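If you're matching them up, the sequences are chains U and G in order. Using the working numbering, the letters of the first sequence map in sequence onto residues 94 to 348. Using the working numbering, the letters of the second sequence map in sequence onto residues 94 to 348. Here the structure comes first, spelled out in structure tokens, and everything after it is commentary.
Protein chains: 2
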Amino acid sequence: MCELLGMSANVPTDIRFSFAGLARRGGDTGPHRDGWGISFYEGKASRSFHDPQPSAHSDVARLIRNYPIKSLLVIAHVRRANRGRVGLENTHPFSRELWGRSFVLAHNGQLKGIKKWPTGSFRPIGTTDSEHAFCWMLDQLRNSSPALPFVARLDKTVGELCRRLGQLGVFNMLMSDGRSLYCFCSRRLCYVTRRAPFGTATLIDEDLRVDFAKETTPSDIVSVVATRPLTRDETWTEVPRGSLIAFRAGEVVAR
Amino acid sequence: MCELLGMSANVPTDIRFSFAGLARRGGDTGPHRDGWGISFYEGKASRSFHDPQPSAHSDVARLIRNYPIKSLLVIAHVRRANRGRVGLENTHPFSRELWGRSFVLAHNGQLKGIKKWPTGSFRPIGTTDSEHAFCWMLDQLRNSSPALPFVARLDKTVGELCRRLGQLGVFNMLMSDGRSLYCFCSRRLCYVTRRAPFGTATLIDEDLRVDFAKETTPSDIVSVVATRPLTRDETWTEVPRGSLIAFRAGEVVAR
């Protein structure tokens, strides 16, 4: 079992509050001590920070918690290894270039038999089910279109591919092309959308409270997706099992 | 003009001393204020830290200077933009997966007409000559072999591709597949190989001196490649213009 965290926003937003809660689950309040990673988009490009060390005790995680990288789209993951040794090559999120954009994926679950599915010219570097599934999806996407499709068409194709993967086992997933945050729920995934009037929120995993009214402007819209609710005083919506939702600019736009 | 830094070693080695010198050239002792990046290999995988901020004043660069990530193979770059806006998508080193390994490239120079060369299914995310040249090389490599070739064959192919690129302008380059550090010199590139008996070295750009005898064991072999010598009290060897050299496990193995 791993934990996922995603963010979609309509203004560059600081993920530190949510990441602080997630990072604590990496070997401290949670059992996910086998590495962690986080990817920030800036336009079509993304940058990732990976560490095979537990996030609760990682110097790189400490940097992220203290360093206000603002982004419109973030995907993060803390890992409890079930398949594949603990090492950089097996640390999520995974990223690949497709259609001249950076695609990023993080996954929680196991997919029985996935290693037999073809991945074309996308080859896994590590040995996880997750990276293999990502390579399969990217190869299917590339075969479906010579260039980046319109969002509605990509939403549909990603949904179909996720449902096929979901038949192999547990496939809770966050993926992005830098435009949309795709969230597929096989067992467990929930989200909260914050907008005006903003309230305050308290992290479940760390003694940290934030007043979003002080941190935002009235037009800001920010959605946060996570395996389990990160805050105790907000209402988190569960993503229905077997379904994909897409966020763009902080809002649910397709489900 | 950008500055390149590469390291190849036979034992996991701390790059901090050399990086401290390079980072100072990013907007402090040098004019390379348009971002920087560094990639560390761990087996077939690599992790990169990128920042469009000048390295001399970057929080991420400060982390790297203070954080002992040990690696057998490192490629770093500080950028002075000539083509392509300052932004994450144009920040070296670039990386792509090929043959199930992470390939990383950093480049210094300009290549006239490169944008007309085909890149197959590798598409640039940003707008630099360098990333376009990298995509062209990877496509040529993939067409040359269905799987990772033996090192001697890859050495030869990389050399041929680099010489073709060198005909378009200035192509000082560091590239790696995680096994070999390839260094092509079009105008300016030099290296030093450190081995027992180890001496001391003083950085040219920062008031920092290290006694390698205290940091190493007698069997360690470490080569450092850079655009200009980083230390004042060691003998740096210039890579001949128009030629490729390859390092494996810290030593020059092909030229």
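Even glycine gets a Cβ: it sits at the ideal position worked out from N, Cα and C. Source: prediction; values computed, not measured.
- The Cβ atoms of G:Asn103 and G:Ile314 sit closer than 8 angstroms to each other.
- The three-state reading of DSSP puts G:Gly219 in coil, since its state is none of H, G, I, E or B.
- Listed along the chain, the chain U residues whose CB falls inside 7 angstroms of the CB of G:Pro242 amount to none; the nearest CB is some 15 angstroms away.
- At a C-beta separation below 9 angstroms, U:Lys209 has no neighbours in chain G, since its nearest C-beta there lies roughly 16 angstroms away.
- Rounded to whole angstroms, the Cβ separation of G:Asp248 and G:Ala339 is 5 angstroms, and the two are in contact under 8 angstroms.
- Counting along the chain, the unbroken beta strand (DSSP E) around U:Gly99 starts and ends at 96-107.
- Positions of the alpha helix (DSSP H) runs, each at least 4 residues long and wholly inside the stretch 241-312 of chain U, are given as 244-259, 305-308 in order along the chain.
- Of G:Lys137, G:Gly259, G:Ser223, the smallest CA-CA separation from G:Glu190 is found for G:Lys137.
- For a Cβ distance threshold of 9 angstroms, residue set Arg216 of chain G lies close to U:Trp192, ordered along the chain.
- For U:Val153, the enclosing alpha helix (DSSP H) covers residues 152-159.
- Comparing C-alpha distances from U:Glu327 to each of U:Gly335, U:Arg302, U:Val346, U:Val153 shows the shortest one belongs to U:Arg302.
- G:Thr293 is classed as exposed because its beta carbon has fewer than 16 other beta carbons within 10 Å across all chains shown.
- Neighbours of U:Glu299 in chain G, taken as residues whose beta carbon is under 8 angstroms from its own, are absent, since the nearest beta carbon is some 21 angstroms off.
- Any Cβ of chain G closer than 8 angstroms to the Cβ of U:Lys137 would place that residue at the interface, and such an atom is present.
- Setting aside the 5 residues that flank it on each side, G:Phe291 is surrounded in the same chain by Phe305, Ala306, Thr309, each with a C-beta closer than 7 angstroms to its C-beta; the list follows chain order.
- G:Glu344 sits in a strand when the DSSP states are folded into three classes.
- Chain U has no Cβ within less than 8 angstroms of the Cβ of G:Arg325.
- Counting C-beta pairs closer than 8 angstroms gives three or more between the stretch 258-266 of chain U and the stretch 199-211 of chain U, which meets the contact rule.
- Leaving aside the five residues that flank G:Arg216 on each side, the residues in its chain whose CB is nearer than 8 angstroms to its CB run, in chain order, Cys228.
- The contact set of U:His143 on chain G, defined by CB atoms closer than 8 angstroms, consists of Arg140 in chain order.
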